[in-house]
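This note's numbering puts the first residue of the sequence shown at 2, with every later residue one more than the last.
Virtual Cβ for every residue (Gly too), placed ideally from N, Cα, C.
The model shown is predicted, which means the values in this text are computed figures rather than measured ones.
For reference, the structure discussed in these notes is given below.
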Amino acid sequence: MKDLFAKYDVPAPRYTSYPTVPFWNDSPTTDQWLEHLNKAFVDDSATWSLYFHLPFCESLCTFCACNTVITRDHGREEGYVDLLSTEWSLYLDRVPALIERPLLGVHLGGGTPTFFAKENLERILKPILSKAMIDKNRFEASVEVHPGHTTREQLAMLHELGFTRISIGVQDFDPEVQRLVNRHQPYEVTKSITDISRELGYTSVNYDLIYGLPRQNPDSFRDSVRKTIELRPDRIALYSFARVPWIKPAQRSYKDEDLPMAGEKRALYELAREMLAEAGYIEIGMDHFALPHDGMAEAQRKHTLHRNFQGYTEKRTSVLLGLGVSAISETPTCFHQNEKAFPVYERRVRNGEIPTLRGHLLSEEDRQLREQVLQFMTRFEVRLDPDQRDDARVFLQPMIDDGLVELANGTLRLTEEGTPFLRNACMFFDKRLRSQEQRPQVFSQAL
Ligand SMILES: C[S@@+](CC[C@H](N)C(=O)[O-])C[C@H]1O[C@@H](n2cnc3c(N)ncnc32)[C@H](O)[C@@H]1O
Ligand code: SF4
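Now the structure itself:
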């Protein structure tokens, strides 16, 4: 197995979309984007969900690959709330269906959404939630929080607005690992926010953990997983540390010898996987775990698990609309991303423009491959078209020989041993990546 980790530890996308962002090459203009957005709502049965990117954090965790703005200046909150509100009205003017079709979900991501004072979070959400068509039985709202920067008052207000899910950034409980990644977060702080969430009535508490961080070792990580199990979150996202120092220079502060690599790194995942299974958690997709009562476990059982830019999710909506700097949106036929550079985003929204940075108009072939990637990432098996089968035999032969995937009767299936190599197998469908002779270094390692 150790050899396999060395063999397959190559750069690979995480496939939160297909085509993956670096291969978007048919960018819509803003007008085209709006046309596709309106088209997605034509069908009476269309639904949508909303993502807000709230980029501010008080300090930089050096492992972080998110799009953040590091500042302690809370005076910036109000200006950002105004930008989001302008962006929302720009859409509302041009896409009237936003208040005619059911809104099934809201997610606050970041950055650290709880950087914002309770009043400002309310100013972001209330005008939209009061206008949108919400069916309480189908609506789910979730928020990502840094427990060191979260108050009971914020969580109580969000719960009153309908939030029932909270995702708490933990990463690792070990003080030495925390010191190296510049994230001081005592166990008691995580416990306190977990307890408060439950008292307030949040029904799904998620923890984000990362394996592969500097100086993590089996003993320290075992202890972190033990502490996690003690606090019993309903869900756990156990992410592979994505090392992309060419994009995130702060990751250069780690010494190579401090980082668990390939097989060593995977051993940390396996250790957690075993402990979590023993504690009653079910493995979901590539890097998630959930207790059997949780919606994500149910989605896996019912084959409704979905994957989008936020990773694995329970529900698929026709449209995902992203507001805020760098936010990504999608419809069945088009991807769209907002400006990533804060000053440019700010200037363009102030000028009354939808701040399109780039996107991708999906071809018919893209749409077919996107469905196959989605199925393979969520169900670990997918039917191949007759004209894909010979190519699959050639491209995937090494993985077939190594017992990681099976190809029988036109169905491609990931084996139990192949689970760690899901991203590698998925590259078969990635026509755009495979057609590139020289691959620029844009993706983190597969393992
Ligand atoms: C927006 S943050 C979560 C909320 C809050 N800012 C916090 O840190 O607690 C999203 C999550 O992405 C994950 N993440 C960030 N950078 C990562 C990286 N380089 N590799 C793997 N996961 C990463 C972390 O687990 C983090 O909790
Ligand atoms: S991990 Fe969270 S708190 Fe840390 S820099 Fe990234 S977004 Fe901010």
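Helix, strand or coil: which one does DSSP assign to I125? Helix, per DSSP.
Opening and closing residue of the alpha helix (DSSP H) in which F1 lies: Since the first and last residues shown for the chain are 2 and 448, residue 1 lies out of range.
Would you tell me roughly how many angstroms separate the C-alpha atoms of P114 and Q376, rounded to the nearest one? 31 Å
P34 bridges to which residues according to DSSP? The sequence shown places Trp at residue 34, rather than the Pro named in the question. Bridge partners of W34: none, in fact.
Return the first residue and the last residue of the alpha helix (DSSP H) that Y270 is part of. 263-279 is the span of the alpha helix (DSSP H), which, as asked, contains Y270.
Hey, E145 and S168: beta-carbon distance below 8 Å or not? Yes.
Looking only at C-alpha atoms, which of R223, D32, A263, R184 sits nearest to L91? D32
Could you say which of E123, Q186, H108, I211 lies nearest to T165 if we only look at CA atoms? H108
Under DSSP, the beta strand (DSSP E) around I167 begins and ends at which residues? 164-172
Looking only at its own chain, which residues have a Cβ that is under 8 Å from the Cβ of R308, when we skip the five neighbours before and after it? Y16, T17, G286, T314, L375, M378, T379
Residues around ligand 2, please: the ones whose beta-carbon is closer than 6 Å to some heavy atom of it, in chain order. C58, L61, C62, C65, C67, T69, G111, G112, T113, H147, G170
Can you name the start and end residues of the alpha helix (DSSP H) that G80 belongs to? 77-95
Range of the contiguous alpha helix (DSSP H) that encloses R100: It should be pointed out that residue 100 corresponds to Ile in this sequence rather than to Arg. From DSSP, I100 is part of no alpha helix (DSSP H); its letter is neither H nor E.
Is the segment 32-44 close to the segment 83-103, with three or more CB pairs under 8 Å? Segments in contact, yes.
Is the separation between the beta-carbon of R236 and that of F290 shorter than 8 Å? Yes; because the gap between Cβ atoms is below 8 Å, this pair is in contact.
Over what stretch of residues does the beta strand (DSSP E) that includes G296 continue unbroken? Premise fails: G296 lies in the alpha helix (DSSP H), 296-302, not in any beta strand (DSSP E).
With three or more beta-carbon pairs closer than 8 Å as the criterion, would you say the segment 78-85 touches the segment 115-127? yes
Tell me the DSSP secondary structure of L362 in three-state form. Of the three classes helix, strand and coil, the one that applies to L362 here is strand, per DSSP.
Do Y282 and ligand 1 come close, with the Cβ less than 7 Å from some heavy atom? no
Among C67, V178, C58, S131, which residue has its Cα nearest to the Cα of D74? C58
Option nearest R274 by Cα separation, candidates A238, K256, A243: A238
DSSP on I355, reduced to helix/strand/coil? Shown here, I355 sits in coil according to DSSP, grouped into three states, outside any helix or strand.
Pull up the CB-CB distance for F430 and I211, whole angstroms please, since I reckon it's below 8 Å. F430 to I211, Cβ: 27 Å. No contact.
Any idea what DSSP makes of D388, helix, strand or coil? helix
Which word fits D10, buried or exposed, when buried means at least 16 other C-beta atoms lie within 10 angstroms of its C-beta? Looking at its Cβ environment, which holds 16 or more other Cβ atoms inside 10 Å, D10 is buried.
When we look at the beta-carbon of I194 and count the other beta-carbons within 10 Å, is it buried (16 or more) or exposed? Burial is judged here by how many other beta carbons sit within 10 angstroms of a residue's own beta carbon; I194 has at least 16 and is buried.
L104: which of L51, L181, V82 sits nearest, CA to CA? Answer by Cα proximity: L51.
Alpha carbon to alpha carbon, how far is S198 from R424? Give it in angstroms, no decimals. 34 Å
Closer than 8 Å is the cut-off here; do at least three beta carbon pairs connect the segment 320-331 with the segment 388-396? no
Near L370, what residues of its chain come up, given a Cβ to Cβ distance below 7 Å and the 5 sequence neighbours on each side ignored? Y19, F430, K432
Got a sec: does ligand 1 put a non-hydrogen atom nearer than 7 Å to the Cβ of Q311? no
With 16 other Cβ atoms within 10 Å as the buried cut-off, status of G170: buried
Is I231 buried or exposed, if buried means 16 or more other CB atoms sit within 10 Å of its CB? It should be pointed out that residue 231 corresponds to Glu in this sequence rather than to Ile. Exposed, by the Cβ-count rule.
Three-way DSSP call (helix, strand, coil) for S193 in this model: Helix at S193.
The alpha helix (DSSP H) spanning N425 covers which residue range? 423-427
For P29, which of R139, N207, Q338 has the nearest alpha-carbon? The shortest C-alpha separation from P29 is found at Q338.
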